[in-house]
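Chemist:
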Amino acid sequence: MDKFTTGLDKCFLKDDLEIDYLLLPATGKHPNSKIDWLIVNSVNPSNIRCKYHQPHISTKSGLVCTCKLQNALVCTSHAAGKIYFYITTGVMELDTNSPMILRNGEITTYKKYFDQYHGIQLQFEHQRLLKAKHKFQVKNHCHGLRERKEREASHSFVELPPELCSIVMSPITDGVIYSFSFIPSIMHRLESLLSAFNLKKMYSDHCTENEIQTTKVLEAITTKGCKEAFHYESLETLGDSFLKYAASQLLFKTYQNHHEGLLSVKREKIISNTALCKLGCNSGLAGFIRNAPFDPNVWIIPGDYSRTFKYTELITKGKKNYVYGKRKLKRKIIADVVEALIGAFLSTGGEKAALMFMDWVGIKVSFDKIAYDRHFDIQPEKLVNVEFLESKLKYSFHDRSLLVEALTHGSYMLPEVPRCYQRLEFLGDSVLDYLITWYLYNKYPGMSPGQLTDMRSASVNNDCYAWSTIKHGLHKHVLHASQELHMHIAVTLDNFEKLSSSSTFGYECETSLPKVLGDILEALAGAILVDSGYNKEVVWQSIKPLLEPLVTPETLKLHPIREFYEVCQKKSYKIIQDVVSSKGGVTNYRMEVEADGVIHEYEYIGAVLKDTAKKIVCKELLNSLKK
C-alpha cells in the first residue's frame, strides 16, 4: 500500500508534468465497483499470503508456494538471451527427466534438451514442470484500416522448468492478462483525447463563446499517417474552401480598384502553406498534431518515472503538451491542421465560430459590410439579354451593370464598360468552391475523407463549369472581340453535340474547353453574391440548377489521368514512355505502358493543350488495360 501511495503522489509533480487520470482495475462494470486489490497486489507476489499451504518450488524469484504458479505471468531468458513471457496454468506430473519429443521426432529428456540446445544445466531435476503458453501479442487496436487476418499465435502448451522462471504477476488469470492487452490502445486514445481537450481548453481560455466537441478537435489534429478510422482530410477540405472564400471576399471589398492578379497575390499571402504553418507554430498548434501510428512496442506508460527518458516540451503557453523525443513535421501538415481546425469549428459552430478561431490563430478576416463603390453609367439592356439571363439564373439584379461586367471578356473593352469579368470571377471562384464543398460535406456525412476530396475535385473545376455554361446557352451572351476565342468556342460546341448532354464533368471532351466559359460561370456567381449583399444562399439557389446533376458517390468518376496512374501504381504496371511535344499549336503526346508483359501504347496528335492530349491518351490506355 505504501508503494501504491508513493506512486499516486508522483502523479502530481508541481508544475513540471501533470497526469490527468489514474487507471486501476475494478471488480465489476457497475458504477459503484471497487478497486480490485487482488490484481493490484499481483504485481508483488511476495505480499500474497498462501491459502493452501502447498509444497514450495524453486524459481528465479526464490522459493514460492506451488499455488502462486497456478495462474501466473512468468518470464524466462534462456533462449538466445531474449526475454519471453508465458502464462502458467498449473504444475504438471512431469519433471526434467521425463521424455520429450522434439520437432524432428527425436526423443530426449527435458534435462538433456536444455543442456544441449541452451547450455543450461538444470539443478532441480525432480522438480515438476510448469504448464504454460506463450503470452499473446499486444496489438494496435486503434488501427482503423481492415488488416489481413494474421494467424493467431499457437495456443499449444509448453513445459517450463520452474527454476528458469521469474514471476511477474501472481495470481492472474489468462482472461485478465488478455484484457490488459487492450490497455495500451485505450490509454493511447485517452491520451489523445486529453491532448485534444488541452488544445480546446487553450483556445477556450481566449474565447468562451464557442463550444466544440473534443472528438472533433481530435479528428482535426489526426493525420492520415496515424492509420486510424478517422483523420483530418474532410475537415481540411472544408476549412480550406472556407478560408479561401473568407480571404477572397475581404480582399474584394477592401481593394476595390485592384485587378484579379493583385488580389490573388494578396490572397496567397494569407492562405499559403507557408503563412498557415507560421501561424500554426506561433499559436502552439504544432505540438498537438498526431502524425504517427500507435506502436505498442515502443509505447511509454504515462506517469512511469522508472525509465530514463526526457520529455520534450512543445507548447510553452498555458496548457502544456509533451511528446517523447523529437519529431519533424512537414510545413504542409501544420498548414493542413490549421485548415482542419477551421473546418471543425465551421462544421460545429458555423461561420462565426470559424472566424473567431481564425482570429485567435492570427488570420484577421471579417464579414463586415463595406460599401461597393460603382458608378457605371451604362444601359445593360443594350449590351446583354437581361430578361433571358435573369430567367436562366432565377435572379433579378438590383444593379444590372454587375451582370454586364460578369459577361465581359478582356477583349471587349468599351468606355461605358470599364471592367471585365476577372474581379467577379476571383470572388465567384471562391464562393462556388465553398458552397459546393459545404453541400457535399453535409449531404454525405458518412463518406470517407478521400471520397469527399474526389467529389469536390469532380465538381469544382473549370471543365465542369464550362460544360454547364454551354449546356445552358450562357456562352452565347459572352461579350468579346476575340476571333481566337470565337473559333475555340465553335470547336467546343461541335464536340459538345457529339456527347451526351447529361455529362457535367467535361472529362469526355476531346477538345480543350475554353477557360473563359468556366470563368464566366464563376463571375456570374460573384455578381449575384455582390448584388444580393453577400447572401451565399441566394447564390447557391441560382447556380446549383446550372450545375445539376451534381456528383454523387454513385456517379463519381475519377479524372482519366488520375485513374490511369492509380491503376498503374496499384497493379505495378511500368510506364515505359511518356513523351510530349508541341509545335505550331499542334500537340503530339505518346505513352507506352507495360502490363503483365504486354506493351500498351497510344499516340495522339491534335490542336489541343498538353493537358487535354494527356487526358485523351490516358483514357485510351485505360480502355486498353481494362480489356
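UniProt numbering puts the first residue of the sequence shown at 1, with every later residue one more than the last. C-beta: ideal position from N, C-alpha, C; glycine also. Quick caveat: nothing in here was measured; it's all calculated off a predicted structure.
Compute the distance between the beta-carbons of A525 and L432, then report whether it is under 7 Å.
Modeler: Here residue 525 refers to the residue found at position 525 when the sequence shown is read from its first residue. Here residue 432 refers to the residue found at position 432 when the sequence shown is read from its first residue. Taking 7 Å as the Cβ cut-off, A525 and L432 qualify as a contacting pair.
Chemist: On the DSSP letters alone, give me the boundaries of the beta strand (DSSP E) that H134 sits inside.
Modeler: Reading the sequence shown from its first residue, position 134 is the one you call residue 134. Note, H134: beta strand (DSSP E), 130–134.
Chemist: How many angstroms separate the CA atom of A292 from the CA atom of Y232?
Modeler: As a working mapping, residue 292 is identified with position 292 in the sequence shown. As a working mapping, residue 232 is identified with position 232 in the sequence shown. So the alpha carbons of these two residues sit roughly 14 Å apart.
Chemist: Within the same chain, show all residues whose beta-carbon is closer than 6 Å to that of I39, passing over the 5 residues directly before and after it, in chain order.
Modeler: Position 39 of the sequence shown, counted from the first residue, corresponds to residue 39. Cβ neighbours of I39 beyond the five flanking positions: P25.
Chemist: Please classify T173: does DSSP put it in a helix, a strand, or coil?
Modeler: Taking the first residue of the sequence shown as 1, we reach residue 173 at position 173. Looking at T173 - three-state DSSP - the assignment turns out to be coil, as it is neither helix nor strand.
Chemist: Who are H56's beta bridge partners in DSSP?
Modeler: One-based indexing of the sequence shown puts residue 56 at position 56. DSSP output for H56 lists C65 as bridge partner(s).
Chemist: Is E405 closer than 7 Å to D519 when the C-beta atoms are compared?
Modeler: Taking the sequence shown and counting its residues from 1, the one referred to as residue 519 is at position 519. Taking the sequence shown and counting its residues from 1, the one referred to as residue 405 is at position 405. No, the pair does not count as a contact, with Cβ atoms beyond the cut-off.
Chemist: From the DSSP output, read off the bridge partner residues of E268.
Modeler: The residue given as residue 268 occupies position 268 in the sequence shown. Answer by DSSP bridge pairing: none, since E268 is not bridged.
Chemist: Please work out which residues of its chain come closer than 8 Å, Cβ to Cβ, to L609, disregarding the five sequence neighbours upstream and downstream, and give them in chain order.
Modeler: Translated into positions along the sequence shown, residue 609 becomes position 609. The residues are S512, T587.
Chemist: Secondary structure at K253, three-state DSSP: helix, strand or coil?
Modeler: As a working mapping, residue 253 is identified with position 253 in the sequence shown. DSSP places K253 in helix when its eight states are reduced to three.
Chemist: CA-CA distance, L218 and K392?
Modeler: Position 218 of the sequence shown, counted from the first residue, corresponds to residue 218. Position 392 of the sequence shown, counted from the first residue, corresponds to residue 392. Each residue's alpha carbon lies about 44 Å from the other.
Chemist: With a threshold of 6 Å, establish whether the CB of V265 neighbours any heavy atom of the ligand PLP.
Modeler: Looking for the ligand PLP in the displayed structure turns up nothing, as the structure carries no ligands at all.
Chemist: To the nearest angstrom, report how far apart Q116 and K626 are at their CA atoms.
Modeler: In the sequence shown, the residue the question calls residue 116 occupies position 116. In the sequence shown, the residue the question calls residue 626 occupies position 626. Taking the straight line from one Cα to the other gives about 60 Å.
Chemist: Could you tell me which residues DSSP pairs with H600 in its beta bridges?
Modeler: Working through the sequence shown from its first residue, we reach residue 600 at position 600. Paired residue(s): V593.
Chemist: Using the C-alpha atoms, what's the distance from L160 back to L102?
Modeler: Here residue 102 refers to the residue found at position 102 when the sequence shown is read from its first residue. Here residue 160 refers to the residue found at position 160 when the sequence shown is read from its first residue. Those two C-alpha atoms are separated by around 15 Å.
Chemist: What are the partner residues of K571, as DSSP defines its beta bridges?
Modeler: Counting from one through the sequence shown, the residue named residue 571 turns up at place 571. Bridge partners of K571: none, in fact.
Chemist: Quick one: using the 10 Å Cβ neighbour count with 16 as the cut-off for buried, is H475 buried or exposed?
Modeler: Along the sequence shown, one-based indexing puts residue 475 at 475. When all chains shown are included, H475 counts as buried.
Chemist: Out of Y444, L479, T254, which has the shortest C-alpha to C-alpha gap to N385?
Modeler: Translated into positions along the sequence shown, residue 385 becomes position 385. Minimum Cα distance to N385 is reached at L479.
Chemist: L160 lies in the beta strand (DSSP E); which residues open and close that run?
Modeler: Looking up residue 160 in the sequence shown gives position 160. Start and end: 158–160.
Chemist: Check this for me: beta carbons of K216 and A344, under 7 Å apart or not?
Modeler: Looking up residue 216 in the sequence shown gives position 216. Looking up residue 344 in the sequence shown gives position 344. For K216 and A344, yes; Cβs fall inside 7 Å.
Chemist: Roughly how many angstroms separate the alpha carbons of G119 and K112, rounded to a whole number?
Modeler: Position 119 of the sequence shown, counted from the first residue, corresponds to residue 119. Position 112 of the sequence shown, counted from the first residue, corresponds to residue 112. Distance between the alpha carbons of G119 and K112: 9 Å.
Chemist: Looking at C-alpha atoms only, which residue of S581, N461, T492 is the closest neighbour of L547?
Modeler: As a working mapping, residue 547 is identified with position 547 in the sequence shown. Taking only the C-alpha atoms, the option nearest L547 is N461.
Chemist: Taking contact to mean at least 3 C-beta pairs separated by less than 8 Å, is the region 54–62 in contact with the region 164–184?
Modeler: Yes, they touch.
Chemist: If we ignore side chains and look at the alpha-carbon of each, how far apart do E163 and T89 end up?
Modeler: Translated into positions along the sequence shown, residue 163 becomes position 163. Translated into positions along the sequence shown, residue 89 becomes position 89. So the alpha carbons of these two residues sit roughly 16 Å apart.
Chemist: Helix, strand or coil for V579 per DSSP?
Modeler: For the purposes of this step, residue 579 is taken as residue 579 along the sequence shown, with counting starting at 1. The answer is strand: DSSP assigns V579 an E or B state.
Chemist: Is M447 closer than 7 Å to R549 when the C-beta atoms are compared?
Modeler: Taking the sequence shown and counting its residues from 1, the one referred to as residue 549 is at position 549. Taking the sequence shown and counting its residues from 1, the one referred to as residue 447 is at position 447. The sequence shown places Pro at residue 549, not Arg. Against a cut-off of 7 Å, the Cβ pair of M447 and P549 comes out as no contact.
Chemist: Just mark residue 631 as buried or exposed, buried being the case when its beta carbon has 16 or more other beta carbons within 10 Å.
Modeler: No information on residue 631 is available, as it lies outside the stretch 1 to 627 that the chain covers here.
Chemist: Where does the unbroken beta strand (DSSP E) through I107 begin, and where does it stop?
Modeler: In the sequence shown, counting from the first residue as 1, residue 107 sits at position 107. Segment 107–109, the beta strand (DSSP E) holding I107.
Chemist: Let's see if you can read the secondary structure: which residues bound the alpha helix (DSSP H) around I289?
Modeler: Within the sequence shown, numbered from 1, the residue matching residue 289 stands at position 289. Neither: I289 is in no alpha helix (DSSP H) and is coded neither H nor E.
Chemist: By DSSP's criteria, L414 is part of a beta bridge. Which residues make up the other side?
Modeler: Within the sequence shown, residue 414 is the residue found at index 414, counting from 1. Paired residue(s): V417.
Chemist: Out of curiosity, what's the CA-to-CA distance linking T308 and N44?
Modeler: For the purposes of this step, residue 308 is taken as the residue at position 308 of the sequence shown. For the purposes of this step, residue 44 is taken as the residue at position 44 of the sequence shown. Any reading at T308 is ruled out, since the residue's pLDDT is 47, under 50, leaving its predicted position unreliable.
Chemist: M356 lies in the beta strand (DSSP E); which residues open and close that run?
Modeler: If you number the sequence shown from 1, residue 356 lands on position 356. Unbroken run through M356 is the alpha helix (DSSP H), 331–361; no beta strand (DSSP E).
Chemist: DSSP three-state call for M455: helix, strand or coil?
Modeler: As a first step, residue 455 must be located in the sequence shown, where it is residue number 455. M455 falls in the helix class under three-state DSSP.
Chemist: Among residues of its own chain, excluding the 5 on either side of F157, which ones have a beta-carbon nearer than 6 Å to its beta-carbon?
Modeler: Here residue 157 refers to the residue found at position 157 of the sequence shown. The answer, listed in chain order, is K131, K133.
Chemist: Considering Cα atoms alone, identify which of K82, I107, S234, S542 is closest to Q451.
Modeler: By one-based count along the sequence shown, residue 451 stands at place 451. Looking at the Cα atoms, S234 is the closest of the given residues.
Chemist: For S482, collect the residues of the same chain with a Cβ closer than 7 Å to its Cβ; drop the 5 residues on either side in sequence, then sort them by chain order.
Modeler: For this step, residue 482 is matched to residue 482 along the sequence shown. So the list reads H409, S411, once near-sequence residues are dropped.
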